[in-house]
Ligand SMILES: Nc1nc2c(ncn2[C@@H]2O[C@H](COP(=O)(O)OP(=O)(O)OP(=O)(O)O)[C@@H](O)[C@H]2O)c(=O)[nH]1
Ligand SMILES: [Mg+2]
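Numbering (the working numbering), first residue to last: -8 to 353.
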């Protein structure tokens, strides 16, 4: 199971600079047989401080973090939804990703050309979001006309769902998109989600914003009205690309001197993981300590299935303990003695930070 984040934004805002820095952190792909690496794709480890602590606890020989994929997408320009620039290819690329990371230029330094002639993050965000909304508008309108012509000939029994979908698109979705409203801000019920899901729309995908600022402005609060309710990560892409060249001791030294706990890149990875509603459970032992990705709400058998199909098919039960409880109890037998290791069945929802052992029989 691999999740991907598309890096989008206007041309020349620092997308590739950010992407290259990310790929310096590219994981040892031998551990991740599912991924084919293409030049604009990079698979990076999701930082997780719990793993090193558990590895020490279990005397593990290796640590295997979980990973997500970033895709560097060509810059978008005004009119992309009509095919301007690399419009169509760009939009096709975004359809494939699970979430969007929108890079917005706010750095003033250097003589880097801005496509609109001046640095104006709020206006840039608007341009991109309107392109995404208009691309969705086209998709939704096409689908609506298909539904309408189908309804003209449909038998009475089958038409109820189609009629409902057509009305929903016509009265709610299309007017919103015409006004440039992103669909992910909508409260949608299950039926409505189902209608939209098959359309593979862009503005329904979760999004984080990366504000590419000058290094001197890194600690300033973000005061951009349009981004008030959004997840915004200020970074300096150029600085991140320099940090990516350093070894881990040097990075720690830098973080301490700057008074921060994580590099901008790591924050992006962690936030991307969060907006995808992904969580990790952990397996730990002498061989390895390993994090596994699941969607929040996944039940124990399906979580087990992420490790191996047999674990799901032959699922019996899961032995579960929170990672911190395990560390605090000093040893596994001590945790067992205190009754902290629970036996959970098929309906148990695995939690973030659960350390699991699955019992199965095939
Ligand atoms: N001063 C400064 N320059 C930067 C920063 N980030 C990127 N740049 C420069 O801006 C230029 C464009 O950066 P890219 O990363 O290629 O931009 P892009 O968004 O990938 O551009 P397209 O692929 O054309 O859409 C390069 O010359 C970078 O060195 C930054 O944080 N500060
Ligand atoms: Mg680029």
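Note that the Cβ used here is the ideal one computed from N, Cα and C, for glycine as well.
Per the DSSP calculation, residue i is bridged to which residue(s)?
i: residue -5; result: 60
i: residue 93; result: -1 and 200
i: residue 313; result: 345
i: residue 350; result: 308
i: residue 274; result: 281
i: residue 5; result: For residue 5, which the question treats as bridged, DSSP gives no partner whatsoever.
i: residue 333; result: 311
i: residue 286; result: 269
i: residue 44; result: Answer by DSSP bridge pairing: none, since residue 44 is not bridged.
i: residue 33; result: 61
i: residue 118; result: In the DSSP output, where bridge partners are listed per residue, residue 118 has none listed.
i: residue 55; result: 281
i: residue 340; result: 290
Which term fits residue i, buried or exposed, when burial requires 16 or more other beta carbons within 10 angstroms of its beta carbon?
i: residue 83; result: exposed
i: residue 216; result: exposed
i: residue 156; result: buried
i: residue 52; result: exposed
i: residue 323; result: buried
i: residue 304; result: exposed
i: residue 115; result: buried
i: residue 292; result: buried
i: residue 207; result: exposed
i: residue 300; result: exposed
i: residue 13; result: buried
i: residue -1; result: buried
i: residue 336; result: exposed
i: residue 345; result: buried
i: residue 182; result: exposed
i: residue 88; result: buried
i: residue 176; result: exposed
i: residue 102; result: exposed
i: residue 290; result: buried
i: residue 281; result: buried
i: residue 326; result: buried
i: residue 232; result: buried
i: residue 330; result: exposed
i: residue 255; result: buried
i: residue 40; result: exposed
i: residue 91; result: buried
i: residue 341; result: buried
i: residue 319; result: exposed
i: residue 247; result: exposed
i: residue 122; result: buried
CB-CB under 7 Å to residue i, same chain, minus the five flanking residues each way: which ones, in chain order?
i: residue 262; result: 199, 222 and 224
i: residue 4; result: 94, 95, 96 and 203
i: residue 112; result: 95, 96, 97, 202 and 215
i: residue 26; result: Summary for residue 26: the model assigns pLDDT 46, below 50, so the residue's position carries little reliability, and this model does not support an answer.
i: residue 63; result: -2, 6, 7, 10 and 31
i: residue 81; result: 64, 65, 67 and 71
i: residue 150; result: 142
i: residue 132; result: 165
i: residue 154; result: 142
i: residue 160; result: 131, 134 and 135
i: residue 105; result: 3 and 96
Here's a check: name, in chain order, each residue in its chain whose Cβ is nearer than 8 Å to the Cβ of residue i, leaving out the five neighbours to either side.
i: residue 283; result: 57, 271, 272, 273, 274, 294, 297 and 298
i: residue 187; result: 164, 174, 179 and 195
i: residue 139; result: 157
i: residue 117; result: 171 and 217
i: residue 99; result: 110 and 205
Within a Cβ cutoff of 6 Å, which residues of the same chain sit near residue i, ignoring the five residues on either side of it in sequence?
i: residue 127; result: 168, 192, 193 and 194
i: residue 125; result: 72
i: residue 250; result: none
i: residue 235; result: 12 and 15
Check whether chain C comes within 8 Å of residue i, counting only Cβ atoms and requiring the distance to be less than that.
i: residue 106; result: Although the question refers to chain C, the structure presented lacks it and comprises just one protein chain.
(request) Check whether the region 57 to 65 touches the region 255 to 271, taking contact to mean three or more Cβ pairs, one atom from each stretch, closer than 8 Å. (result) The region 57 to 65 vs the region 255 to 271: in contact.
(message) Runs of 3 residues minimum, wholly inside the region 122 to 151: which ones carry the beta strand (DSSP E) assignment?
(response) Listed in chain order, the beta strand (DSSP E) runs fully inside the region 122 to 151 amount to none, counting runs of at least 3 residues.
(request) Output the residue ranges of the beta strand (DSSP E) runs that lie fully inside the region 220 to 253 and measure 3 residues or longer, sorted by chain position. (result) Scanning the region 220 to 253 from its first residue to its last, the whole beta strand (DSSP E) runs of 3-plus residues come out as 223 to 226.
(request) Give a yes or no on contact between the region 308 to 328 and the region 64 to 72, applying the rule of three or more CB pairs nearer than 8 Å. (result) Output reads no: the region 64 to 72 does not touch the region 308 to 328.
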